[in-house]
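Residue numbers for the sequence shown follow the working numbering, so the first one is 1 and each next one is one higher. From the three backbone atoms N, C-alpha and C, an ideal C-beta is built for every residue, glycine too.
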Amino acid sequence: MITEQIKTIAVETLVQEVTSLKQTEYDLVAITCTYDEMLELSYSFEKEQEFLHLRLVIDRGTQLASISQLYAYAFLYENEIKELFDVKITGITIDFENQLYQIAEKTPFITNKEES
């Protein structure tokens with residue numbers, strides 16, 4: 001049976017939570033982001049049809065640690081979110097420095113944005 005759980009966590013516990021999931025053989029499925037006054041990031045994991053989403057709700061400008069040291073392919077999700085939403089992610093193993101996409105507008109998925 002497929003199960004799904006959303007767990008809201010604090011920024012400070014992100015790497016610890018992800019490390020625990022990695023050690024118990026969860027796979028990273030996706031990292032997504034939305035913006036409506038606050039940034040909402042969901043880190044989605046799966047193991048044997050059990051889905052767990054770690055949810056962060058943060059202000060713009062809040063710094064997040066990268067999880068790409070734990071899940072190598074996370075660097076793609078993190079670069080995309082960094083570039084499109086201006087999320088401050090530090091320590092990305094392969095950082096494209098906001099050059100992953102060829103886009104005309106800086107952080108196009110942030111509306112009513114003030115300069116950060």
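Rounded C-alpha distance that separates residue i from residue j
i	j	result
residue 51	residue 4	5 Å
residue 61	residue 24	31 Å
residue 30	residue 1	21 Å
residue 48	residue 88	32 Å
residue 59	residue 37	8 Å
residue 110	residue 26	31 Å
residue 73	residue 92	10 Å
residue 12	residue 18	12 Å
residue 15	residue 55	13 Å
residue 43	residue 106	24 Å
Beta-carbon spacing of residue i, residue j below 8 Å
i	j	result
residue 45	residue 21	yes
residue 96	residue 39	no
residue 81	residue 33	yes
residue 71	residue 41	no
Counted within 10 angstroms of its Cβ, other Cβ atoms place residue i as buried (16 or more) or exposed
i	result
residue 104	exposed
residue 116	In this predicted model, residue 116 has a pLDDT of only 48, less than 50, meaning its place in the structure is not dependable enough to derive any value.
Bridge partners - residue i, DSSP secondary structure assignment
i	result
residue 8	55
residue 46	27 and 51
Residue i - containing beta strand (DSSP E), residue span
i	result
residue 64	63-65
residue 88	88-90
Where the alpha helix (DSSP H) containing residue i begins and where it ends
i	result
residue 2	That residue, residue 2, is in no alpha helix (DSSP H); it is neither H nor E in DSSP.
residue 82	74-85
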